[in-house]
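In our numbering, the protein residues as written are 94 to 411. Even for Gly, the Cβ is constructed at its ideal location relative to N, Cα and C. Everything numeric in this text was worked out from a predicted model, so none of it was measured. Right, one structure below, let's go through it.
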Ligand SMILES: O=C(O)CCC(=O)C(=O)O
């Protein structure tokens, strides 16, 4: 049984060949008891100190409602506490045992649900990883700071990538977005309407939503557990406590670490094309999302195609 030095914030959990096989095949693994209480106390504090922004979505009735509070700018990249986690020998060993590619810690994000929040609908890593090339590999480590699961809601559900994945879809999305960005204004509005008829803002179609719902897996988590999943894994939030008697002060907070392949490159083109599409969708009175976010733009110093590892926002971990 491996022992963990008491100074470490990360438990020395075993990575079995089965766990490695599950990640390679499905793109997802739950890591049980990986973070120690000291790491969780630090993440609670970190998440409480960064400025939030509400993420809105259009309801069926055409109104707007809050679905989530999110902190999208880099949260914690330069904080020594994050380095204490991701550069601990235990964390490095666990990730190296699971993921063959060398990775960089690129971004930290905070997701907060209050009672009644639905969170995000089905999506995969298009927007979250818009800053790298569409086919570059990336992973998220989702760390809930509260107990969540099918009983309370507030967790995340996913579909294993060997059942359905976003790996090929991203190529189609990038192709359509590039076509849209190059189109004359009269042509662009027709293209946007065609795309909107095909799928939602998170690029999920109606048939797909049904498949994803049927195949969804929603694990239970206690503080210290985390979900590691690749960019191609479809996932969604599970609604948090919709009982009107629930205390409105209750919060479900999760911190997500975004890791990218150390060879990933900046994609100014994809950022431009994706945001151009979102703008056109909004102008057409379609569903809006994405929230009102401010703060410094990460990776501002990088040119299109430049290695992300050159950015001082990244923390090289492996
Ligand atoms: O925290 C949530 O409910 C959603 C998180 C998420 O979608 C992500 O980390 O990619």
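Proximity test, residue i beta-carbon vs ligand 1 heavy atom, cut-off 7 Å
i	result
residue 119	no
residue 215	no
residue 327	no
residue 242	no
residue 80	Within the shown structure, residues of the chain are numbered from 94 to 411, placing residue 80 beyond reach of any answer.
residue 362	no
residue 347	yes
Euclidean distance between Cα positions of residue i and residue j
i	j	result
residue 383	residue 133	Caution is warranted here: a pLDDT of 44 is assigned to residue 383, below 50, making its placement in the model unreliable, and no coordinate value can be reported.
residue 206	residue 238	12 Å
residue 130	residue 317	7 Å
residue 213	residue 405	30 Å
residue 303	residue 173	43 Å
residue 113	residue 187	10 Å
residue 372	residue 391	20 Å
residue 204	residue 281	33 Å
residue 170	residue 201	6 Å
Per-residue DSSP class, three states only, for residue i
i	result
residue 113	helix
residue 158	strand
residue 365	helix
residue 318	strand
residue 129	coil
residue 374	helix
residue 407	coil
residue 207	coil
residue 239	coil
residue 349	strand
residue 179	helix
residue 187	helix
residue 379	Legend: pLDDT at residue 379 = 39, less than 50; position of this residue unreliable, value from coordinates given subsequently. Of the three classes helix, strand and coil, the one that applies to residue 379 here is coil, per DSSP.
CB of residue i within 8 Å of CB of residue j, strictly
i	j	result
residue 229	residue 358	yes
residue 121	residue 191	no
residue 236	residue 319	yes
residue 220	residue 321	no
residue 242	residue 345	no
Neighbour flag for residue i against chain B, beta carbons, 8 Å
i	result
residue 338	Given the protein chain composition of this structure (a single chain), no chain B is represented.
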